[in-house]
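So the number in this note's numbering is just where the residue sits in the sequence shown, counting from 1, plus 3.
One structure is given here, and the rest of the page talks about it.
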Amino acid sequence: MSKYADQVDVRGDGRVVIYKRADLKNPKWQVRIRVPNATGYKIVSAKTEDRREAERFALDLYEDLYLHVKSGGSIQSRTFKQVFEEWKKTVTTMGHTRQGGSWDATIDRIETYAVKFFGPMKIDTIGPKEFADFWVWRKSNYNRSRPSNGTLRRERTSILPVFKFAVTRGYLQSVPETDPPKATLERRPTFTQDEWRKIYTKARDWVKAGESLATWRQRFMTQQYVLVLANTGLRVGELRGLRWSDLRTVQTTDGTRLVAEVRGKTGVREVVFQDGAENYIKRIYDLRLEELGASPSDDEVIFCHKDGKPVHTMKTAFYSLLKFAGVPIERNGGSRTIYSLRHFYATMRLSHDTSPFLLAKQMGTSVEMLEKFYGQTVSSELAAQITKANRTKGSGKAAGVYPFE
């Protein structure tokens with residue numbers, strides 16, 4: 004038995020069909036539309052039992068959808084949030100990005116801002132105008148620091164994969180124009196040497212004060228996190244995904260250095276820790292030995308909660324440390340973030356005559372970017388200069404045997 008009580012091909016070409024369901028007592032006409040150059044069908048109720056009204060409704064809907072698809076839309080309409088959730092499920096199943104990095108930071112960035120703004124909008128209605136409105140909105144909507152034009156352009160890079168995914172699923176015909184304001188040459192926000200001295204010295208008291216607040220462990224991990232970032236130039240996402248198995252020790256002409264294999268937006272590379280910075284990692288290893296009563300798994304991320312799950316963000320704790328140390332977040336019209344520790348590292352290395360070529364390799368960037376944002380070029384030096392500096396006083400020697408030595 005057919006599931007349709009009646010079926011009418013309104014145009015005679017199969018593109019506009021109305022029908023009634025046979026399993027309903029008093030069925031209303033249903034409409035099924037197929038548009039050239041579009042994937043799938045559009046099925047809706049005409050909300051009438053009158054055939055002529057249903058035909059007029061169907062033909063009007065066909066014309067609207069035809070023009071919509073012709074202008075770049077899709078008949079398979081999804082909201083931005085629906086497409087984002089579908090994309091998120093797909094990329095997290097895939098694992099790493101094409102460069103071997105994590106999708107966590109990208110997903111978090113999209114959820115924080117783009118989903119909040121675009122969420123209920125149909126994705127095929129989002130175009131240049133909507134993006135222009137988004138960039139204006141984004142300038143005055145932020146968690147802690149006002150975004151620069153450069154930050155907005157990086158956010159664009161994060162959002163684009165969602166629209167490209169929508170194209171592959173047939174929800175869009177093409178990716179819309181999304182250009183944010185042009186990035187201007189900006190001095191990357193960092194810390195002065197005096198401010199850095201306040202941060203690492205006050206951090207000890209800040210951690211100790213956490214004992215009475217039951218936040219000692221979080222503060223302790225944040226302290227090591229800050230020290231490692233400032234002594235490696237790692238990106239936040241790169242350090243977040245670092246595991247014990249990624250570490251090894253190499254012999255140099257003036258001692259040994261800890262080396263980490265990291266996976267970031269530029270692919271896989273090896274990063275050298277400053278002399279003495281290995282002790283910050285050893286402190287965490289000692290803590291995990293105490294918590295577990297055994298050595299942590301090689302696959303465990305270094306910066307983890309007590310249960311071994313990765314720590315996804317330390318933003319709140321970092322700003323708490325800055326406040327405790329008396330270091331302002333805002334300086335010279337810019338806002339310092341955890342990422343400022345990477346800029347501090349670059350500035351310090353260049354001030355110690357490190358080769359820009361070697362520093363670019365260390366940081367996973369280019370000499371051009373170093374010259375652009377840090378405004379210095381120095382003569383080529385030996386590779387050992389990547390760790391040229393006095394050991395930080397009070398770095399704290401750790402005791403024991405470690406698998407990465």
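The beta-carbon is built from N, C-alpha and C at its ideal position, and this holds for glycine as well.
Buried versus exposed call for Ser2 [16 or more other C-beta atoms within 10 Å across all chains shown]: Within the shown structure, residues of the chain are numbered from 4 to 408, placing residue 2 beyond reach of any answer.
State whether the stretch 125–140 contacts the stretch 306–319, with contact taken as three or more CB pairs (one from each stretch) at a distance under 8 Å. no
Taking 9 Å as the cut-off, decide whether the C-beta atoms of Gly130 and Pro179 are in contact. Mapped onto the sequence shown, residue 130 falls at position 127. Mapped onto the sequence shown, residue 179 falls at position 176. In contact: Gly130 and Pro179 (Cβ atoms closer than 9 Å).
Validate contact between the stretch 238–247 and the stretch 296–305 using beta carbons, cut 8 Å, 3 pairs: yes
Quick check on this structure: which residue in Leu373, Leu242, Ser338 and Ile332 has the alpha carbon closest to the alpha carbon of Arg352? Position 349 of the sequence shown, counting from 1, holds the residue named residue 352. Minimum Cα distance to Arg352 is reached at Leu373.
Excluding the 5 residues preceding and the 5 following Lys201 in the sequence, name in chain order all residues of the same chain whose CB lies nearer than 8 Å to its CB. Stepping through the sequence shown from its first residue, residue 201 is reached at position 198. These residues qualify, in order along the chain: Ala328, Gly329 and Val330.
Select from Ala280, Thr255, Phe276 and Val239 the residue whose C-alpha is nearest the C-alpha of Lys268. As a working mapping, residue 268 is identified with position 265 in the sequence shown. Lys268 has its Cα closest to that of Val239, out of Ala280, Thr255, Phe276 and Val239.
Is it buried or exposed for Tyr145, if we count other Cβ within 10 angstroms and need 16 for buried? Reading the sequence shown from its first residue, position 142 is the one you call residue 145. Per the 10 Å Cβ criterion, exposed.
Under 8 Å by Cβ, that's how I've got Ala135 and Thr225 pegged, so tell me the actual separation to the nearest angstrom. Within the sequence shown, the letter at position 132 stands for residue 135. Within the sequence shown, the letter at position 222 stands for residue 225. At roughly 38 Å, the Cβ-Cβ gap does not stay under 8 Å, so Ala135 and Thr225 are not in contact.
Three or more C-beta pairs closer than 8 Å, one from the stretch 195–209 and one from the stretch 155–168: is that the case here? no
Where Arg81 falls: helix, strand or coil (DSSP): By 1-based counting over the sequence shown, the position of residue 81 is 78. Here Arg81 sits in coil by DSSP.
Under the three-state reduction of DSSP, which class applies to Glu294: helix, strand or coil? Taking the sequence shown and counting its residues from 1, one reaches residue 294 at position 291. Three-state result, Glu294: helix.
When DSSP labels each residue in this structure, what does Leu245 get in the three-state scheme? As a working note, residue 245 is residue 242 in the sequence shown. The answer is coil: DSSP assigns Leu245 none of H, G, I, E or B.
Just to confirm before moving on: does the CB-CB distance between Arg37 and Gly15 stay below 9 Å? One-based indexing of the sequence shown puts residue 37 at position 34. One-based indexing of the sequence shown puts residue 15 at position 12. The answer is no: Cβ separation not under 9 Å.
Distance between Glu133 and Glu88 (C-alpha atoms, nearest Å): Looking up residue 88 in the sequence shown gives position 85. Looking up residue 133 in the sequence shown gives position 130. Roughly 20 Å separates the two Cα atoms.
Return the chain-ordered list of same chain residues with a C-beta closer than 6 Å to the C-beta of Glu241, the five sequence neighbours on each side being excluded. Here residue 241 corresponds to residue number 238 of the sequence shown, with the count starting at 1. Excluding residues within five positions, the ones whose Cβ falls inside 6 Å are Val265 and Gly267.
Counting along the chain, where does the alpha helix (DSSP H) carrying Lys142 start and finish? Here residue 142 corresponds to residue number 139 of the sequence shown, with the count starting at 1. Pro131 to Lys142 is the extent of the alpha helix (DSSP H) around Lys142.
Closest by C-alpha distance to Ala263, when choosing among Thr82, Ile284 and Val94: What you label residue 263 is simply residue 260 of the sequence shown in a count that begins at 1. Ala263 has its Cα closest to that of Ile284, out of Thr82, Ile284 and Val94.
So what does Gln221 bridge to, in DSSP terms? For the purposes of this step, residue 221 is taken as residue 218 along the sequence shown, with counting starting at 1. Its beta-bridge partners do not exist; DSSP assigns none.
Beta-carbon separation (whole angstroms), Gln227 vs Ile287, contact threshold 8 Å: Walking along the sequence shown from the start, residue 227 turns up at place 224. Walking along the sequence shown from the start, residue 287 turns up at place 284. Between Ile287 and Gln227 the Cβ distance is about 6 Å, and since that is below 8 Å, they are a contact.
At what residues does the alpha helix (DSSP H) containing Phe108 begin and finish? Here residue 108 corresponds to residue number 105 of the sequence shown, with the count starting at 1. Per the sequence shown, residue 108 should be read as Ala rather than Phe. Residues Asp107 to Arg112.
Candidates Leu70, Lys28, Lys23 and Val86, of which the one nearest Glu58 by Cα: Taking the first residue of the sequence shown as position 1, residue 58 is located at position 55. Ranking the options by Cα distance to Glu58, first place goes to Lys23.
Would DSSP call Ser300 helix, strand or coil? Locating residue 300 in the sequence shown gives position 297, where the first residue counts as 1. Coil.
Please check the pair Ser338 and Ser148, which I expect to be a contact at CB under 8 Å, by giving their CB distance rounded to whole angstroms. Counting from one through the sequence shown, the residue named residue 338 turns up at place 335. Counting from one through the sequence shown, the residue named residue 148 turns up at place 145. Ser338 to Ser148, Cβ: 3 Å. Contact.
Do you know how far the Cα of Leu261 is from the Cα of Glu408? Residue 408 sits at position 405 when you count from the first residue of the sequence shown. Residue 261 sits at position 258 when you count from the first residue of the sequence shown. So the two alpha carbons sit approximately 8 Å from each other.
With distances taken from CA atoms, which of Thr368, Ser354, Pro406 and Asn29 is nearest Val274? Numbered from 1 along the sequence shown, position 271 holds the residue referred to as residue 274. Cα-wise, what sits closest to Val274 is Thr368.
Neighbourhood of Phe137 by C-beta distance below 6 Å, restricted to the same chain and skipping five residues each side: Stepping through the sequence shown from its first residue, residue 137 is reached at position 134. Counting only Cβ-Cβ distances below 6 Å, and skipping sequence neighbours, we find Phe120.
Where the beta strand (DSSP E) through Leu344 begins and ends: Working through the sequence shown from its first residue, we reach residue 344 at position 341. Counting along the chain, Leu344 falls outside any beta strand (DSSP E), though it belongs to the alpha helix (DSSP H) covering Ser343 to Ser354.
Which residue's Cα is closest to the Cα of Asp12: Ser48, His346 and Ala61? Your numbering for residue 12 matches position 9 in the sequence shown. Comparing Cα positions, the closest option is Ala61.
List the whole-angstrom C-beta distance separating Leu317 from Ile341, where the pair is believed to meet the contact cut-off of C-beta under 8 Å. If you number the sequence shown from 1, residue 317 lands on position 314. If you number the sequence shown from 1, residue 341 lands on position 338. Sequence inspection shows Met at residue 317; the Leu mentioned does not correspond to that position. About 7 Å; that satisfies the 8 Å criterion.
Lys73 versus Thr95, Ala41 and Thr93, residue with shortest Cα-Cα distance: The count along the sequence shown starts at 1 and reaches residue 73 at position 70. Taking only the C-alpha atoms, the option nearest Lys73 is Ala41.
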